[in-house]
Ligand SMILES: Nc1ncnc2c1ncn2[C@@H]1O[C@H](COP(=O)(O)OP(=O)(O)OP(=O)(O)O)[C@@H](O)[C@H]1O
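In the UniProt record's numbering, the protein residues as written are 1 to 245.
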């Protein structure tokens, strides 16, 4: 095993993964530089989610290596990977995945509370991020009382609140309207840039990819030099796609 270059926060080589025999990744290598916003672009089923799961230690690839700084994620025990995810990574999914019994601020503070941060400190940090995301007035509401875009802002606050080294965002605006989408993404990318947080952003939307510093493109589980994505996906989210390999 060879450790990755110093300026890469994540470095993955020759990742192969299949889901019960169905191919997900077929030899993907990728590096993510410190504080970079990297878009992983590709149409539905191209392997974006599988790649983010492998890079973040949610999945161990069938073959290949994943490094976080100088740590080999692919050889970690499940417990160490879980600790790495809790302490160094944030996750934003298309669905906000909030805990229904907790209020907005409690959901946003959850990663800090799980790390054992004092209640008052966690609440202060969560409230500051809710303010920055323009939802401080909703801090005491539970998810069922919030609009979808408000729930997603809470999940963005939750990811940022713990000041992770890397945030993985898997189609974070897929369920939002266009205007909501751009505001949420601009807040996320501005916050990440101002706090030197690296972001790996999976998307099948060209407008979303345009906010990143760099884009890597996937098709059928492989890196391709580019995929042409529509600025706005159709109702099913299927992307008319041209490619060059
Ligand atoms: N749990 C699973 N079981 C079986 N096949 C899966 C599973 N997860 C993903 N796949 C398959 O692996 C391939 C890559 O899927 P993946 O979700 O990584 O792509 P994606 O680019 O993120 O797609 P989407 O934009 O729809 O989320 C697809 O063919 C998909 O059907």
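Every residue gets a Cβ at the ideal spot worked out from N, C-alpha and C, and that includes glycine.
DSSP state of residue i mapped onto helix, strand, coil
{"i": "residue 250", "result": "For residue 250 there is no data in the structure shown, the boundaries of the chain being 1 and 245."}
{"i": "residue 238", "result": "Because residue 238 sits at a pLDDT of 40, beneath the cut-off of 50, its placement in the model cannot be relied upon, and the point is left open."}
{"i": "residue 12", "result": "strand"}
{"i": "residue 143", "result": "helix"}
{"i": "residue 97", "result": "coil"}
{"i": "residue 117", "result": "coil"}
{"i": "residue 174", "result": "coil"}
{"i": "residue 56", "result": "coil"}
N-terminal and C-terminal residue of the alpha helix (DSSP H) that residue i is part of
{"i": "residue 46", "result": "From DSSP, residue 46 is part of no alpha helix (DSSP H); its letter is neither H nor E."}
{"i": "residue 160", "result": "148-161"}
Same chain only: Cβ atoms within 7 Å of residue i, ignoring 5 sequence neighbours per side
{"i": "residue 23", "result": "221"}
{"i": "residue 16", "result": "25, 26, 27, 61, 62, 63, 64"}
{"i": "residue 203", "result": "39, 41, 171, 209"}
{"i": "residue 117", "result": "none"}
Contact under 9 Å by Cβ, residue i with residue j
{"i": "residue 217", "j": "residue 224", "result": "yes"}
{"i": "residue 158", "j": "residue 90", "result": "yes"}
{"i": "residue 176", "j": "residue 184", "result": "yes"}
{"i": "residue 108", "j": "residue 129", "result": "yes"}
{"i": "residue 94", "j": "residue 174", "result": "yes"}
{"i": "residue 66", "j": "residue 74", "result": "yes"}
{"i": "residue 133", "j": "residue 169", "result": "no"}
Span of the beta strand (DSSP E), counted from its first residue to its last, around residue i
{"i": "residue 215", "result": "214-219"}
{"i": "residue 38", "result": "37-41"}
{"i": "residue 222", "result": "222-224"}
{"i": "residue 70", "result": "No beta strand (DSSP E) contains residue 70, which DSSP labels as neither H nor E."}
{"i": "residue 28", "result": "22-33"}
{"i": "residue 80", "result": "Unbroken run through residue 80 is the alpha helix (DSSP H), 78-88; no beta strand (DSSP E)."}
{"i": "residue 169", "result": "166-170"}
Cut-off 6 Å between Cβ atoms - residues of its own chain near residue i, not counting five sequence neighbours on either side
{"i": "residue 215", "result": "39, 41, 209"}
{"i": "residue 244", "result": "Residue confidence is low: residue 244 scores 36 on pLDDT, short of 50, so the model does not pin down where it sits. No coordinate-derived value is stated."}
{"i": "residue 46", "result": "218, 219"}
Own chain residues within Cβ distance below 8 Å of residue i, not counting five before or after
{"i": "residue 112", "result": "121, 122, 125, 126, 161, 162"}
{"i": "residue 88", "result": "68, 164, 165, 166"}
{"i": "residue 114", "result": "86"}
Residues proximal to ligand 1 by C-beta, any heavy atom closer than 5 Å: 19, 22, 24, 44, 45, 46, 47, 48, 49, 50
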